[in-house]
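Residue numbers (this note's numbering): 1 to 270. Before any comments, here is the structure.
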């Protein structure tokens, strides 16, 4: 199997630039009309900031959306409109940026997202439901599996999560071009892979994947769901028919989509 071809999403979706241009347009429009709070710091670096969309009140869980970009591209400004679906259901949505490779490695990125989640909890005192796309799906699974009690937070701080086109075993990326910036070795890849770590002890995880994505992306989601389900976690994988790696995340902007309704259900059950 040609792993470079399997994981080269831009080559697999020739019109990806057009899809990303729509992200930028719709994100800008949503920031202009939503009344969200932008550029809230959670750390000392300029990328340690997040935007919060919603009324920021009540005790319902805060939904976190983590962007993708193979841990080396993009930021929160591309995805503001991904808050629209959950906002329409009365849920607050926080969208962070984080430092990228090669400035930092995978372990540092995971630690930064943990610090962000702890900041949200310390600021709002509410549980979190974490959702992420692509590399963000990997980070969502890492937040689900984190030992929050060891950080002084409630053990069930992240009790529900959703990965959209996520990567849960990073070892196949070792010979792939993506690793040029990540510079992972076998130990680093295993240490950052949810599939190589102890499964979460409680909660629910949903692994979504576009129907038109590569076989490797399907395998990643199917394997995580089967492994965590076998370990006793409430876990499933869901295929979104007709979607590729870039179009699949659009459903979060639609309040009536099956994906948004599933994420809302996760928040209601958290």
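Where a beta carbon is used, it is the ideal one built from N, C-alpha and C, also for glycine.
Check: How is residue 200 classed by DSSP in three states: helix, strand or coil?; Outcome: coil
Check: Helix, strand or coil for residue 209 per DSSP?; Outcome: strand
Check: Just the Cα atoms here: how many angstroms apart are residue 111 and residue 231?; Outcome: 25 Å
Check: Taking just the CA atoms, how far does residue 235 sit from residue 229?; Outcome: 5 Å
Check: Spatial neighbours of residue 269 within its chain, please: CB distance less than 7 Å, with the 5 preceding and 5 following residues excluded, ordered by chain position.; Outcome: 160, 204
Check: Excluding the five sequence neighbours on either side, which residues of its own chain have a C-beta within less than 7 Å of the C-beta of residue 119, listed in chain order?; Outcome: 42
Check: Alpha carbon to alpha carbon, how far is residue 143 from residue 113? Give it in angstroms, no decimals.; Outcome: 8 Å
Check: Beta-carbon separation of residue 274 and residue 12 under 8 Å?; Outcome: Residue 274 cannot be examined here, being either before or after the span of the chain that is shown, 1 to 270.
Check: Would you mind sorting residue 206 into buried or exposed? The rule is 16 or more other CB atoms within 10 Å of its CB.; Outcome: buried
Check: Can you tell me whether residue 37 is buried or exposed, with buried defined as 16 or more other CB within 10 angstroms of its CB?; Outcome: exposed
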